[in-house]
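Enquirer: I am attaching a structure below and will ask some questions about it afterwards.
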């Protein structure tokens, strides 16, 4: 019986955000906050706040900046709506605003003055949901680490193929707790990168794409979307390349590493036990973001579906044979605590994988669950 096990089926173009921390951070707007004096508090830097905008509505948020630096504001909403934001330092006029029709509505303000700041969200047209993320300097209780410790870029092996766009130097940055981006395959979710990942790591950071096939499609796509310092694609298709100092340096010094779609069995066979595996773990542990789409998402699970040379499991076959030869699993490739005892599945509705997901659960303990994602969907967990 598997009816007591938990199945997370993510459908439509929905993004979910889960938190693994006990800190009391505001994650949903609280009414009534239509005046500055009633502004929502308990704002945490980089933590997304879900809100709702109705006719005549105004939403205020108050947060405390503890040192000089950039205040980054990201306001995402439905494309048919036009919501705006204004930034205030105490009383007086707005010191920065986001009043275009873009989504997300992004802006940045550099401040040298610590203290209380306010953000006001208003509507120009439309009604409905919005996601607000404020990224700003704040004191922390530790965790994370500096990425300014890697030295100069090593020489590249002659057989290693890479594509780098923009700056080849390391963008040094201190990060907080790690996060993971899971994507279900098919069309990539723009806002997962521009809103979730960018808000977590900040602007002008280094992005690395890992894959085994020869393509550089993510470089020009992600560079403007994330306002990145650089995007580098590494074609790591054998264990010798996976153990090179160049590949290790490029991954470790990045703030975001994304595994492209492909074949998770090939990734395990080529990368397991190499510097690629330890470097990926390093990025997460230092407070960066790791993730992937399709096979890349599969690699993030604590128990990885790993057909390894046989045809992929098909729902209508495995539901009649819980020990079908296509049901093979490998241990975790990367340790992500929030995904402990978690399986993943992708292309969920498109490839009719409900049966496969349920039977996969039946091959694990009652403590396991599965995150199953449709194409064109993403889940960001921090």
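In the numbering used here, the protein residues as written are 482 to 863.
By construction, the Cβ of each residue, glycine as well, lies at the ideal position given by its N, Cα and C atoms.
Which stretch, first to last residue, makes up the alpha helix (DSSP H) that contains residue 699?
Expert: Mapped onto the chain shown, residue 699 falls at position 218. Note, residue 699: alpha helix (DSSP H), 698-706.
Enquirer: Output the boundary residues of the beta strand (DSSP E) element that contains residue 642.
Expert: Here the question's residue 642 lines up with position 161 in the chain shown. Residues 642-647.
Enquirer: Does the beta-carbon distance from residue 706 to residue 748 come in below 9 Å?
Expert: The residue labelled residue 706 in the question sits at position 225 within the chain shown. The residue labelled residue 748 in the question sits at position 267 within the chain shown. No; because the gap between Cβ atoms is not below 9 Å, this pair is not in contact.
Enquirer: Counting only runs that start and end within the stretch 514-583, where is the beta strand (DSSP E) found for 3 or more residues in a row?
Expert: If we require 3 residues or more, the beta strand (DSSP E) runs fully inside the stretch 514-583 come out as 530-534, 540-546, 550-558, 563-569 and 577-579.
Enquirer: Please name the residue, chosen from 665, 752, 745 and 699, that lies closest to residue 722 on a Cα-to-Cα basis.
Expert: Translated into positions along the chain shown, residue 722 becomes position 241. Of the listed residues, the one whose Cα sits closest to residue 722 is 752.
Enquirer: Whose CA, out of 708, 687, 598 and 717, lies closest to the CA of residue 637?
Expert: On the chain shown, position 156 is the one that residue 637 refers to. The shortest Cα separation from residue 637 among 708, 687, 598 and 717 belongs to 717.
Enquirer: In the DSSP output, what is residue 606 paired with across the bridge?
Expert: Mapped onto the chain shown, residue 606 falls at position 125. In DSSP, residue 606 forms a bridge with 563.
Enquirer: Is the beta carbon of residue 671 within less than 8 Å of some heavy atom of the ligand FMN?
Expert: Annotation note on the ligand FMN: not contained in the displayed structure, which lists no ligands.
Enquirer: Tell me whether residue 675 is buried or exposed, calling it buried when 16 or more other Cβ atoms sit within 10 Å of its Cβ.
Expert: By 1-based counting over the chain shown, the position of residue 675 is 194. Residue 675 is buried by the Cβ-count criterion.
Enquirer: On the premise that residue 764 lies in contact with residue 728, defined as a C-beta separation below 8 Å, what is that separation, rounded to the nearest angstrom?
Expert: As a first step, residue 728 must be located in the chain shown, where it is residue number 247. As a first step, residue 764 must be located in the chain shown, where it is residue number 283. In fact, because the Cβ distance is near 13 Å, the residues do not count as touching under 8 Å.
Enquirer: Suppose you measure from the CA of residue 573 to the CA of residue 542; what does that come to, to the nearest Å?
Expert: Within the chain shown, the letter at position 92 stands for residue 573. Within the chain shown, the letter at position 61 stands for residue 542. Cα-Cα distance, rounded: 16 Å.
Enquirer: Ordered along the chain, which non-local residues of its own chain (more than five positions away) have a Cβ less than 8 Å from that of residue 513?
Expert: Start at 1 with the first residue of the chain shown, and residue 513 comes out as number 32. Around residue 513: 519.
Enquirer: Less than 9 Å between the beta carbons of residue 540 and residue 603, yes or no?
Expert: Translated into the one-based positions of the chain shown, residue 540 becomes position 59. Translated into the one-based positions of the chain shown, residue 603 becomes position 122. Yes, they are a contact pair.
Enquirer: Closest to residue 630 by C-alpha separation, out of 645, 640, 708 and 651, would be which residue?
Expert: Within the chain shown, the letter at position 149 stands for residue 630. Answer by Cα proximity: 651.
Enquirer: If you count every other CB in all the chains shown that lies within 10 Å of the CB of residue 566, and 16 or more means buried, which is it?
Expert: For the purposes of this step, residue 566 is identified with residue 85 of the chain shown, where counting begins at 1. Label assigned to residue 566: buried.
Enquirer: The alpha helix (DSSP H) that contains residue 750, what's its start and end?
Expert: In the chain shown, residue 750 corresponds to position 269, counting from 1. Start and end: 745-752.
Enquirer: Can you give me the Cβ contacts of residue 708 inside the same chain, cut-off strictly under 8 Å, excluding the 5 residues immediately before and after it?
Expert: Here residue 708 refers to the residue found at position 227 of the chain shown. 679, 684 and 685, listed in sequence order.
Enquirer: Looking at C-beta atoms only, is the number of pairs between the stretch 633-648 and the stretch 545-559 that lie closer than 8 Å three or more?
Expert: Not touching, per the Cβ criterion.
Enquirer: Find the nearest neighbour of residue 589 within the set 785, 579, 546 and 598, judged by alpha-carbon distance.
Expert: In the chain shown, counting from the first residue as 1, residue 589 sits at position 108. If we check each option's Cα against that of residue 589, 579 comes out closest.
Enquirer: Measure the beta-carbon distance from residue 824 to residue 854 and round it to whole angstroms, keeping in mind my assumption that it falls under 8 Å.
Expert: Residue 824 sits at position 343 when you count from the first residue of the chain shown. Residue 854 sits at position 373 when you count from the first residue of the chain shown. Not confirmed; about 12 Å, so no contact.
Enquirer: Once the 5 residues before and after residue 672 are set aside, which same chain residues still bring their CB inside 6 Å of it?
Expert: Translated into the one-based positions of the chain shown, residue 672 becomes position 191. Within the same chain, residue 672 has close Cβ partners 557.
Enquirer: Please classify residue 858 as buried or exposed, where buried requires at least 16 other C-beta atoms within 10 Å of its C-beta.
Expert: One-based indexing of the chain shown puts residue 858 at position 377. It is buried - the Cβ of residue 858 has at least 16 other Cβ atoms within 10 Å.
Enquirer: For residue 644, which residues in the same chain have their Cβ closer than 6 Å to its Cβ, ignoring the five residues on either side in sequence?
Expert: Here residue 644 corresponds to residue number 163 of the chain shown, with the count starting at 1. Around residue 644: 697, 700 and 714.
Enquirer: Tell me the DSSP bridge mates of residue 819?
Expert: Counting from one through the chain shown, the residue named residue 819 turns up at place 338. DSSP output for residue 819 lists no bridge partner at all.
Enquirer: So is residue 594 buried or exposed if we call it buried at 16+ other beta carbons inside 10 Å?
Expert: Within the chain shown, numbered from 1, the residue matching residue 594 stands at position 113. Its Cβ having fewer than 16 others within 10 Å, residue 594 is exposed.
Enquirer: Along the beta strand (DSSP E) that carries residue 850, what are the first and last residues, could you check?
Expert: Indexing the chain shown from 1 puts residue 850 at position 369. Counting along the chain, the beta strand (DSSP E) containing residue 850 begins and ends at 850-854.
Enquirer: By DSSP, does residue 597 sit in helix, in strand, or in coil?
Expert: Mapped onto the chain shown, residue 597 falls at position 116. In this structure, residue 597 counts as strand in the three-state DSSP scheme.
Enquirer: Rank 664, 808, 657 and 677 by C-alpha distance to the C-alpha of residue 585 and give the top, closest one.
Expert: By 1-based counting over the chain shown, the position of residue 585 is 104. It is 677 whose Cα lies nearest to the Cα of residue 585.
Enquirer: Whose C-beta lies closer than 8 Å to the C-beta of residue 848 among residues of the same chain, with five residues either side of it excluded?
Expert: To locate residue 848, count along the chain shown from 1; it is residue 367. Once the five neighbours on either side are set aside, the close Cβ partners of residue 848 are 822.
Enquirer: Given a cut-off of 9 Å, decide if residue 665 and residue 856 are closer than it, judged by their beta-carbon atoms.
Expert: As a working note, residue 856 is residue 375 in the chain shown. As a working note, residue 665 is residue 184 in the chain shown. Closer than 9 Å, so yes.
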